[in-house]
Amino acid sequence: MDFKGKRVLITGAAGFIGSNLTDALLEKGAEVIGIDNLFNGRVENLEEAMQNKNFQFHKGDIRDLNFLLDLFKDIDIVYHQAAFTSVPQSVKMPENCNNVNVNGVLNVLNAARRMNVDKVVYASSSSVYGDTPTLPKREDMPRIPISPYGVAKLACEAYMQVYYQVYGLKTISLRYFNVFGPRQRDSPYSGVIAIWLGNIIRNEDLVIFGDGTNSRDFTYIKDVILANLLATEHDAPGEILNIGAGSPINLTDLAKLMLKITKKETLGLIYSDPRPGDIIHSYADITKAKQLIKFEPQFNQEAGLKDYFKWYKNKYNVDLDIV
Ligand SMILES: NC(=O)c1ccc[n+]([C@@H]2O[C@H](COP(=O)([O-])OP(=O)(O)OC[C@H]3O[C@@H](n4cnc5c(N)ncnc54)[C@H](O)[C@@H]3O)[C@@H](O)[C@H]2O)c1
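Structure representation (structure tokens):
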């Protein structure tokens with residue numbers, strides 16, 4: 073994939089996924105405009121990008137249409153990653169979630185349409201499925217979200233489709249399944265792998281919400297970036313695609329795997345009450361992404377964890393022994 077001569081804009085560029093996407097697109101030769109209000113993102117995630125003459129960063133908010141209109145001029149592709157990303161926080165503050173994750177997305181679509189952007193790639197989420205029992209999740213199954221975050225993601229997938237059908241703007245929604253990897257924050261509101269890696273480094277026991285049988289299709293960041301690049305290369309306008317590793321693992325097995333890889337098997341597992349809004353099982357059928365954009369994940373969970381831990385060890389110079 074060659075992005076030379078392409079001008080792309082990434083919303084949420086200072087966040088976990090946005091900053092990795094920024095680096096990948098710069099490496100492919102694109103000119104990248106990154107925007108972020110730094111609500112959850114960090115400028116340090118863009119340290120390398122800032123050294124690249126093909127990168128510009130603009131601090132601003134997707135709720136500000138004029139800010140977007142100025143920057144969307146002559147943009148070929150918009151990768152919309154910015155969001156209010158915490159499910160538990162969305163349960164506490166549904167209005168804030170809706171303002172960013174629905175009204176903000178409408179601004180992005182309206183700016184893209186008015187400024188004749190060629191394509192919008194949207195970061196949706198497996199949370200749209202809610203807790204329906206059928207596994208693996210296929211795109212045409214019922215979607216019954218169980219959190220305000222999931223509702224907002226579902227509404228915006230529908231907006232993406234309508235903006236293609238009604239206005240001809242080429243959109244595609246990628247339903248990411250639990251992404252992990254470099255730059256994911258270790259905070260109470262981030263993914264469990266980043267939190268447990270922090271615990272392992274501090275020699276703390278790992279806390280599991282629920283009885284440990286909850287399962288997830290943890291997907292390595294490099295595969296999510298690959299999916300974004302493929303979604304640009306292949307035309308599948310108006311489509312919604314699951315993006316996952318396609319292999320679930322339960323939380324107890326994941327915790328044990330992380331302890332094994334880091335040779336910290338002496339640390340314990342503590343089981344705590346389940347959290348409201350948390351889904352019990354999540355597992356992606358990725359047949360449609362394979363067919364429409366030729367997506368083939370390159371990392372199983374163990375390979376992804378090892379790659380992530382090696383990155384972390386080098387970056388922060390921590391004492392971590394990786395098998
Ligand atoms: N990480 C996952 O497992 C996962 C799974 C499914 C979907 N997603 C989606 O992928 C996208 C990226 O998620 P992430 O994990 O990188 O989260 P993140 O929180 O690290 O990144 C989101 C970024 O958006 C920025 N942002 C928030 N509100 C903004 C606003 N009003 N204006 C401008 N910028 C704003 C934040 O500062 C942050 O840098 C999100 O849309 C998220 O919903 C993530």
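Numbering (the working numbering), first residue to last: 73 to 395. Positions of the beta carbon are idealized from the N, C-alpha and C atoms, including for glycine. A quick note: this is a predicted structure, and the numbers were derived from the prediction, not measured.
Can you list, in chain order, the residues of its chain whose CB lies under 6 Å from that of residue i, leaving out five sequence neighbours each side?
i, result
"Leu58", "With the chain represented from 73 up to 395, any question about residue 58 goes unanswered, as that position is not in the structure."
"Gln363", "none"
"Asn138", "none"
"Leu140", "Asn179 and Ala183"
"Thr304", "Ile149"
"Ile312", "Glu211, Glu229 and Ser245"
"Lys78", "Ala102 and Asp148"
Under 8 Å between the Cβ atoms of residue i and residue j?
i, j, result
"Tyr380", "Leu392", "no"
"Asn389", "Ile358", "no"
"Ile297", "Ala154", "no"
"Gly310", "Thr291", "no"
"Ser319", "Asn250", "no"
"Lys209", "Ala86", "no"
"Ile147", "Val193", "no"
"Gly132", "Gly113", "no"
"Leu269", "Asp258", "yes"
"Asn92", "Ile265", "no"
"Ser162", "Tyr221", "yes"
"Thr83", "Ala121", "no"
"Leu278", "Ile351", "no"
"His306", "Lys360", "no"
"Leu377", "Met330", "yes"
"Asn117", "Arg255", "yes"
Using DSSP with H/G/I as helix, E/B as strand and the rest coil, what is residue i?
i, result
"Thr206", "coil"
"Val150", "strand"
"Val104", "strand"
"Arg247", "strand"
"Ala184", "helix"
"Asn322", "strand"
"Lys242", "strand"
"Val115", "helix"
"Leu110", "coil"
"Ala195", "strand"
"Gln256", "coil"
"Ile82", "strand"
"Val279", "strand"
"Lys335", "coil"
"Ile216", "strand"
"Ile441", "Here the chain comprises residues numbered 73 to 395, so residue 441 is not present and cannot be evaluated."
"Gln123", "coil"
"Lys46", "With the chain running from 73 to 395 in the structure shown, residue 46 is simply not present."
Skipping 5 residues on each side, what residues in its chain have a beta carbon closer than 8 Å to that of residue i?
i, result
"Arg135", "Asn171, Val172, Asn175, Gly176 and Asn179"
"Asn126", "Leu98, Gly101, Ala102, Glu103 and Val104"
"Pro217", "Ser199, Val200, Tyr201, Gly202, Val223, Lys225 and Leu226"
"Asn275", "Lys336 and Leu339"
At a threshold of 7 Å, does residue i count as lining ligand 1 (C-beta to nearest heavy atom)?
i, result
"Leu323", "no"
"Asp133", "yes"
"Thr83", "yes"
"Gln161", "no"
"Tyr248", "yes"
"Thr157", "yes"
"Asp289", "no"
"Phe367", "no"
"Gln373", "no"
"Phe381", "no"
"Ile89", "yes"
"Leu110", "yes"
"Gln153", "yes"
"Val192", "no"
"Gly113", "yes"
"Ser245", "no"
"Val251", "yes"
"Gly263", "yes"
"Val238", "no"
Can you find the residues in the same chain that come closer than 7 Å, C-beta to C-beta, to residue i, ignoring five residues on each side of it along the sequence?
i, result
"Leu143", "Leu81, Ile105, Ile107 and His130"
"Arg185", "Tyr235, Tyr239 and Leu241"
"Thr334", "Ile272, Phe381, Leu392, Asp393 and Ile394"
"Pro214", "Thr204"
What I want to know is whether the C-beta of residue i ends up closer than 7 Å to one or more non-hydrogen atoms of ligand 3.
i, result
"Ala86", "For the structure depicted, ligand 3 is absent and the ligand set comprises only ligand 1."
What runs of the alpha helix (DSSP H), each 4 residues or longer, lie entirely inside the stretch 284 to 313? Taking only runs of at least 4 residues, the alpha helix (DSSP H) segments lying wholly in the stretch 284 to 313 are 293 to 305.
Exercise. Which full runs of the alpha helix (DSSP H) of 4+ residues lie inside the stretch 342 to 390, going along the chain?
Worked result: 359 to 365 and 373 to 388
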